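Okay, structure first, notes after.
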Amino acid sequence: MRSLTDSNMSMTDTTESLRALEQRVQQLEDRLAIYQLLATYGPGVDSVSSRAVAALWMEDGVYDVGGQELLMGASEIGELVDREPHRTYVAAGCAHVISLPHLVLHGDKAVATCHSRLYVRDGPQWRIARLSANRWELVRTTEGWKVTRRTNRLLDGSEKSRDLFTEGLRQTPPAEVAG
Amino acid sequence: MRSLTDSNMSMTDTTESLRALEQRVQQLEDRLAIYQLLATYGPGVDSVSSRAVAALWMEDGVYDVGGQELLMGASEIGELVDREPHRTYVAAGCAHVISLPHLVLHGDKAVATCHSRLYVRDGPQWRIARLSANRWELVRTTEGWKVTRRTNRLLDGSEKSRDLFTEGLRQTPPAEVAG
Amino acid sequence: MRSLTDSNMSMTDTTESLRALEQRVQQLEDRLAIYQLLATYGPGVDSVSSRAVAALWMEDGVYDVGGQELLMGASEIGELVDREPHRTYVAAGCAHVISLPHLVLHGDKAVATCHSRLYVRDGPQWRIARLSANRWELVRTTEGWKVTRRTNRLLDGSEKSRDLFTEGLRQTPPAEVAG
Numbered sequence: 001m002r003s004l005t006d007s008n009m010s011m012t013d014t015t016e017s018l019r020a021l022e023q024r025v026q027q028l029e030d031r032l033a034i035y036q037l038l039a040t041y042g043p044g045v046d047s048v049s050s051r052a053v054a055a056l057w058m059e060d061g062v063y064d065v066g067g068q069e070l071l072m073g074a075s076e077i078g079e080l081v082d083r084e085p086h087r088t089y090v091a092a093g094c095a096h097v098i099s100l101p102h103l104v105l106h107g108d109k110a111v112a113t114c115h116s117r118l119y120v121r122d123g124p125q126w127r128i129a130r131l132s133a134n135r136w137e138l139v140r141t142t143e144g145w146k147v148t149r150r151t152n153r154l155l156d157g158s159e160k161s162r163d164l165f166t167e168g169l170r171q172t173p174p175a176e177v178a179g
Numbered sequence: 180m181r182s183l184t185d186s187n188m189s190m191t192d193t194t195e196s197l198r199a200l201e202q203r204v205q206q207l208e209d210r211l212a213i214y215q216l217l218a219t220y221g222p223g224v225d226s227v228s229s230r231a232v233a234a235l236w237m238e239d240g241v242y243d244v245g246g247q248e249l250l251m252g253a254s255e256i257g258e259l260v261d262r263e264p265h266r267t268y269v270a271a272g273c274a275h276v277i278s279l280p281h282l283v284l285h286g287d288k289a290v291a292t293c294h295s296r297l298y299v300r301d302g303p304q305w306r307i308a309r310l311s312a313n314r315w316e317l318v319r320t321t322e323g324w325k326v327t328r329r330t331n332r333l334l335d336g337s338e339k340s341r342d343l344f345t346e347g348l349r350q351t352p353p354a355e356v357a358g
Numbered sequence: 359m360r361s362l363t364d365s366n367m368s369m370t371d372t373t374e375s376l377r378a379l380e381q382r383v384q385q386l387e388d389r390l391a392i393y394q395l396l397a398t399y400g401p402g403v404d405s406v407s408s409r410a411v412a413a414l415w416m417e418d419g420v421y422d423v424g425g426q427e428l429l430m431g432a433s434e435i436g437e438l439v440d441r442e443p444h445r446t447y448v449a450a451g452c453a454h455v456i457s458l459p460h461l462v463l464h465g466d467k468a469v470a471t472c473h474s475r476l477y478v479r480d481g482p483q484w485r486i487a488r489l490s491a492n493r494w495e496l497v498r499t500t501e502g503w504k505v506t507r508r509t510n511r512l513l514d515g516s517e518k519s520r521d522l523f524t525e526g527l528r529q530t531p532p533a534e535v536a537g
């Protein structure tokens, strides 16, 4: 990008500078849009808002919860909040909280890597019932960023959870990472 | 907004593009300013910095802690850190931590929705003594964003905590939400 | 900065506006780059990625863990993940999570202040084994932002942990704060 330090810029220079700046702003907007998407998940599931949760995923999106479970499609993922054990957690008092995510963006694809915790009330305090490594694969759509696949691996000493983190920290394009 | 893909832009186009870009940058700045405000609260109360905490609220701001308690005015809110049970928490070792917030901005108003946790030391570990759904209503002032009202609802299985989250996730303007 | 509200801007005005906007975008990029750096630490140590952890620090960077321990240099800090007690934590299942940081930027220097928690698996749940006040001193390099010094103080009721937070919330330039 051309530096803006010359006091006399031509019209062409100005157009170029504007384009370069616009791209940088777009990148920042993408990052904040993904933060916002991830910040919607916890309040969504904790308030049993199945529609708000479903809307985060692509219609054919996947949630690989770990264990044998693989949820297929946004509506099935949204319905998770009406099933056990989630209903029991909500009745007791629960919170799904993610950590500030590490992001790798590449055009219309992105990967977010973070921790997630499930807190469940237990008498006068809350215990941590689940603590997982998370990988969110995302795609830009005309309606904003959506999740194509979320993968959870319990941080229980398993190699799988460590591999998920290692993979997420690579700075290679998400397209390759996911491929 | 006019696309920047034409190589020959007129002066008018340039001015328009600059204006549109400036508005997008302002939106990003607003979001990061609100992140920063919320990230100030925890270190503020945990270090008994009553002035720093008070400065986050409008002079006539409110903190609806839940239960019967309603703190009125920035100074009363700041003084919270010098009262019980906060003093006991600080003496034991405590941390007030919020999650990455979901934001809805609308001009000079905003609503941030997130979780908050109060950790208190208990021998060789820390227990989670409070875990709440949070709604922060904010307004832009000449000194930056300030809190007009913070509402906390314990995530103890109550409908109130779920309603707070549901309300926060609506994409309607905060003005209406708060009205 | 000149307002963009006049419909006829001269070329000089345009150049000035572009420069001002570019600086604002740079500030936003700096903030998000520091968020990203801090979001790399947890997944890095939890996956025993000593190289990824070392790369966050300057070659001669310092990690003041608290207690008597002072780690000197990026490689020694990266090797932390291969030592005890970290290996035992990883084998059991652990998570290092930071909170949304409070940032003070001043040119090529920055200070980030936040909480950090170490969760370690304990049977069917996770306990909080460490909870600290954190100060990250950062510098901009040609390879992006790097940590010059991280200071941890356990939130165990000690004055040191409170002082760290109080210092971090000052809006004075990091250069002075660190000096």
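Chains as they are written, first to last, in this note's numbering: chain A, 1 to 179; chain B, 180 to 358; chain C, 359 to 537. Even glycine gets a Cβ: it sits at the ideal position worked out from N, Cα and C. Model, not experiment: these values are computed from the prediction.
Using only CA atoms, which one of the options lies nearest to residue i?
i                      : options                       : result
residue 219 of chain B : B:307, B:282 and B:277        : B:277
residue 88 of chain A  : A:139, A:18, A:109 and A:122  : A:122
residue 288 of chain B : B:212, B:195, B:262 and B:190 : B:212
residue 474 of chain C : B:221, B:207, B:191 and B:321 : B:221
residue 254 of chain B : B:263, B:237, B:247 and B:325 : B:237
residue 216 of chain B : B:286, B:232 and B:264        : B:232
residue 472 of chain C : C:381, C:500 and C:393        : C:393
residue 334 of chain B : A:124, A:83 and A:27          : A:124
residue 322 of chain B : B:206, B:204 and B:234        : B:234
residue 505 of chain C : C:381, C:418, C:387 and C:383 : C:418
Near residue i, which residues of its chain fall below 7 Å by C-beta distance, leaving aside the five closest residues on each side in sequence?
i                      : result
residue 535 of chain C : Below a pLDDT of 50, predicted positions are generally treated as unreliable, and residue 535 of chain C, at 39, falls in that range; no measurement from the model is reported.
residue 511 of chain C : 424, 490, 491, 518, 519 and 522
residue 70 of chain A  : 62 and 64
Using 7 Å as the limit for Cβ to Cβ distance, is residue i near chain A?
i                      : result
residue 407 of chain C : yes
residue 330 of chain B : no
residue 477 of chain C : yes
residue 524 of chain C : no
residue 483 of chain C : yes
residue 251 of chain B : no
residue 380 of chain C : yes
residue 364 of chain C : Reliability of the predicted coordinates at residue 364 of chain C is poor, the pLDDT of 49 falling under 50, and no value is obtained from them.
residue 210 of chain B : yes
residue 294 of chain B : yes
Just reading off the beta strand (DSSP E) that residue i is part of, what are its end residues?
i                      : result
residue 426 of chain C : Premise fails: residue 426 of chain C is in no beta strand (DSSP E) and is neither H nor E.
residue 480 of chain C : 467-480
residue 316 of chain B : 304-320
residue 411 of chain C : Not the beta strand (DSSP E): residue 411 of chain C falls in the alpha helix (DSSP H), residues 408-412.
residue 445 of chain C : First-last for residue 445 of chain C: 444-450, but that is the alpha helix (DSSP H), not the beta strand (DSSP E).
residue 155 of chain A : Segment: none, residue 155 of chain A is in no beta strand (DSSP E) and carries neither H nor E.
residue 462 of chain C : 460-464
If you drop the 5 nearest sequence neighbours on each side, which residues of the same chain put their C-beta closer than 8 Å to that of residue i?
i                      : result
residue 157 of chain A : none
residue 269 of chain B : 225, 227 and 260
residue 385 of chain C : 463
Short of 6 Å in beta carbon distance, which residues of its chain neighbour residue i, apart from the five on each side in sequence? Order them along the chain.
i                      : result
residue 129 of chain A : 118 and 120
residue 509 of chain C : 422 and 493
residue 180 of chain B : Residue placement at residue 180 of chain B cannot be trusted, given a pLDDT of 44 that sits under 50; the coordinates are not used to answer.
residue 305 of chain B : 298
residue 402 of chain C : 410 and 411
residue 145 of chain A : 33, 34, 37 and 138
Do we get a CB-CB distance below 7 Å when we pair residue i with the residues of chain C?
i                      : result
residue 157 of chain A : yes
residue 236 of chain B : no
residue 34 of chain A  : no
residue 272 of chain B : yes
residue 28 of chain A  : yes
residue 222 of chain B : yes
residue 232 of chain B : no
residue 12 of chain A  : no
residue 169 of chain A : yes
residue 37 of chain A  : no
Just to check my reading of the structure: residue i and residue j have Cβ atoms closer than 8 Å, yes? What is that Cβ distance to the nearest angstrom?
i                      : j                      : result
residue 404 of chain C : residue 450 of chain C : Going by Cβ atoms, the distance from residue 404 of chain C to residue 450 of chain C rounds to 12 Å, so no, they are not a contact pair.
residue 431 of chain C : residue 408 of chain C : Not quite, the Cβ-Cβ distance comes to about 13 Å (not below 8 Å), so this is no contact.
residue 389 of chain C : residue 461 of chain C : 6 Å
residue 420 of chain C : residue 507 of chain C : 4 Å
residue 193 of chain B : residue 372 of chain C : 6 Å
Starting from residue i, trace the alpha helix (DSSP H) in both directions and tell me its first and last residue.
i                      : result
residue 168 of chain A : 159-169
residue 31 of chain A  : 11-46
If we define contact as Cβ-Cβ less than 7 Å, is residue i a contact residue for chain B?
i                      : result
residue 100 of chain A : yes
residue 435 of chain C : no
residue 18 of chain A  : yes
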